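Chains as they are written, first to last, in our numbering: chain A, 242 to 718; chain B, 116 to 234.
Rendered as structure tokens:
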């Protein structure tokens with residue numbers, strides 16, 4: 242029994258030991274600072290391998306652990322593998338960026354936040370969810386402001402911290418109300434019971450609880466009315482950190498929302514469902530329209546992230562096994578597309594805002610970088626040969642299959658709008674191939690080799706998921 | 116439907132807000148106001164005030180407070196553990212060892228980074 246638990250959670254144990262080792266070595270021997278990145282990369286690769294081994298022995302290791310507080314199943318494994326791979330890419334992208342001064346803090350906090358994400362995904366009660374979200378969020382507040390000399394980063398970190406703590410408190414209040422009305426915090430079985438078994442008073446409290454819970458979680462995934470922090474934080478933080486917090490934490494919390502609400506929506510909570518539908522629709526419409534007006538690329542990607550949250554929420558509202566498959570696929574597509582787009586921005590220079598004008602003529606001067614950016618943008622936009630198309634197709638199909646054709650229609654229309662701003666960058670990059678004498682964009686310093694590797698891996702992941710999506714697409718026809 | 120329960124919550128909210136407003140209004144109307152220099156001065160435990168309270172504090176207070184808090188929680192956690200220790204045996208010992216090792220790692224880090232230095 243104990244041995245099984247050690248084996249089942251070995252990836253997390255490896256990461257925890259790596260974190261502890263890095264913190265102690267870094268504090269005692271400053272000479273070890275340049276090797277923190279190697280240690281993090283090694284720990285992540287070992288953890289990924291162990292996660293794969295655990296998945297291979299699913300029949301003996303999958304199940305509930307720690308008094309039903311954590312569940313090891315295919316979703317947890319999916320999370321481990323996705324967070325681990327995204328973590329490897331982020332470490333590669335940060336290879337040369339972080340000087341020896343901040344290496345311990347950067348990589349230590351990074352590993353801690355990855356652990357928090359696994360807690361969120363594997364957690365089976367609201368307490369684990371809250372602890373996981375805090376373990377994830379507290380390091381990311383510090384990571385945003387890791388450059389102590391950059392005023393913009395400090396401001397972004399402070400804003401993220403204050404608003405994030407506020408959202409956490411609201412969410413905790415919702416959890417307390419949930420516990421008060423249901424008498425349980427565990428969602429091993431469906432957290433929300435059949436509404437016909439509940440008294441009217443309890444149902445009323447439950448809807449308030451639901452509202453606060455969604456408010457807190459919506460903040461973390463940048464859903465529409467709670468997204469307002471993301472453009473400023475994304476524009477102020479260091480790019481590789483923003484690449485990370487715009488993707489992996491969102492994926493983790495989306496998976497947790499699916500665990501909690503998936504069963505609830507199959508039994509039906511009418512008012513709560515409309516609340517979530519409103520958030521999804523507003524996120525898609527607002528995110529895409531405001532993204533059209535942005536000039537700063539990081540701000541544009543922030544609003545594109547708001548819109549993508551709306552697409553993810555479609556799967557949660559639809560509920561059911563096919564929606565879960567669609568959501569997982571879309572999360573992979575979004576993670577690598579968004580990471581890649583931010584990595585290209587990182588490659589173009591860290592020192593100032595990168596605007597859409599900076600992409601002028603990129604294809605002629607840096608054809609490979611432009612090709613990579615084009616790949617990420619068209620995947621995010623959902624253009625047919627790339628992964629994003631199959632992701633969105635699966636999401637909209639699951640919405641139609643669960644009787645929500647209007648939601649799919651909104652998704653479709655806003656996707657068309659989103660092509661506008663993704664295409665704007667692409668046309669800037671490739672514009673001067675057809676028309677000469679356009680203004681020169683900005684010159685780029687040499688892109689470090691690890692970042693190149695990260696870009697190649699992200700492109701590969703986008704293309705491979707695209708190929709894997711074809712059977713999904715054909716099977717649906 | 117369950118509108119009556121929502122009504123109850125809404126009423127409770129209204130009464131809560133109204134109570135605060137009424138109390139503040141009563142204070143504004145009823146309380147006698149005879150300010151003088153001594154009354155308006157900053158309260159410093161009965162001492163003569165040296166200056167206003169709006170001065171920048173050293174950031175070290177904050178670091179010290181956090182480290183203090185960690186060990187505060189550790190103590191609070193150790194008491195119930197000591198009571199059930201005999202019942203749980205070696206398992207409890209191992210669990211507490213892990214907990215304290217994690218805390219010590221944090222302390223070593225903070226110490227080496229100079230968080231305990233008043234400089």
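C-beta atoms are modelled at their ideal positions from N, C-alpha and C, and glycine is treated no differently.
Nothing here was measured: the structure is a model prediction, and the numbers come from that model.
The beta-carbon of residue 182 (chain B) is placed no less than 8 Å from the nearest beta-carbon of chain A. Just so you know, the alpha carbons of residue 301 (chain A) and residue 427 (chain A) end up roughly 23 Å apart. No Cβ of chain B is located within less than 8 Å of the beta carbon of residue 352 (chain A).
Contact check for residue 484 (chain A) and residue 360 (chain A): beta-carbon distance about 22 Å, past the 8 Å limit, so the pair fails to qualify. A distance of 8 Å or more separates the beta carbons of residue 600 (chain A) and residue 529 (chain A). Cβ-Cβ distances below 7 Å link residue 260 (chain A) to 349, 352, 353 in the same chain, with the five nearest sequence neighbours on each side left out; the list follows chain order. Between the stretch 466-480 of chain A and the stretch 318-327 of chain A, the count of Cβ pairs shorter than 8 Å is below three; the stretches do not touch. Every alpha helix (DSSP H) stretch that sits fully inside the stretch 398-486 of chain A and reaches 4 residues is listed by chain position as 441-461, 471-477, 480-486. Taking the CA atoms as reference points, residue 232 (chain B) sits about 27 Å from residue 376 (chain A). For residue 546 (chain A), the enclosing alpha helix (DSSP H) begins and ends at 538-559. Scanning chain A for C-beta atoms nearer than 8 Å to the C-beta of residue 232 (chain B) yields nothing, as the closest lies near 14 Å away. Residue range 628-642 is occupied by the alpha helix (DSSP H) that includes residue 635 (chain A). The straight-line gap separating the alpha-carbon atoms of residue 431 (chain A) and residue 501 (chain A) is approximately 7 Å.
Linking residue 400 (chain A) to residue 328 (chain A) through their CA atoms gives a straight-line distance of about 24 Å.
For residue 306 (chain A), the enclosing beta strand (DSSP E) stretches over residues 304-306.
Distance from residue 503 (chain A) to residue 703 (chain A) at the Cβ level is roughly 27 Å; contact not present, criterion being Cβ atoms closer than 8 Å.
Taking CB atoms only, residue 119 (chain B) has a neighbour in chain A less than 8 Å away. When 9 Å is used as the limit between beta carbons, residue 449 (chain A) is near these residues of chain B: 121, 124, in chain order. For the pair residue 574 (chain A) and residue 629 (chain A), the CB atoms are nearer than the 8 Å cut-off. Contact annotation: in the stretch 261-284 of chain A, residues whose CB is within less than 7 Å of a CB in chain B are 261, 264, 265, 268, 269.
Distances from the alpha-carbon of residue 308 (chain A) to those of A:695, A:246, A:272 put A:246 closest.
Apart from the 5 residues on each side of it in sequence, residue 382 (chain A) sits with its Cβ closer than 8 Å to the Cβ of 398, 401, 402, 405 in its chain, given in chain order. Shown here, residue 366 (chain A) sits in a strand according to DSSP, grouped into three states. Non-local C-beta neighbours of residue 447 (chain A) in its own chain, meaning closer than 6 Å and more than five positions away in sequence, comprise 422, ordered along the chain. If you look at residue 212 (chain B), you'll find it isn't in any beta strand (DSSP E); it sits in the alpha helix (DSSP H) that goes 205-227.
By the Cβ neighbour-count rule, residue 130 (chain B) is exposed, with fewer than 16 other Cβ atoms within 10 Å of its own.
Closer than 8 Å to the CB of residue 220 (chain B) there is at least one CB belonging to chain A.
Residue 368 (chain A) and residue 456 (chain A) have their alpha carbons spaced roughly 17 Å apart. DSSP lists B:159 as the beta-bridge partner residues of residue 162 (chain B). In its chain, beyond the 5 residues on either side, no residue has a beta carbon closer than 6 Å to the beta carbon of residue 298 (chain A). In the DSSP annotation of this structure, the continuous segment of the beta strand (DSSP E) that includes residue 313 (chain A) starts and ends at 311-313.
For residue 357 (chain A), no chain B residue has a C-beta closer than 7 Å to its own C-beta; the minimum C-beta separation is roughly 15 Å. Interface annotation for the stretch 159-177 of chain B against chain A: empty, criterion Cβ-Cβ distance under 9 Å.
Ranked by Cα distance from residue 615 (chain A), the options A:700, A:336, A:304 are led by A:700. Straight across, the Cα-Cα distance linking residue 141 (chain B) with residue 181 (chain B) is about 41 Å. Only those residues of the stretch 442-474 of chain A whose C-beta falls short of 9 Å from the nearest C-beta of chain B are listed: 442, 443, 444, 445, 446, 448, 449.
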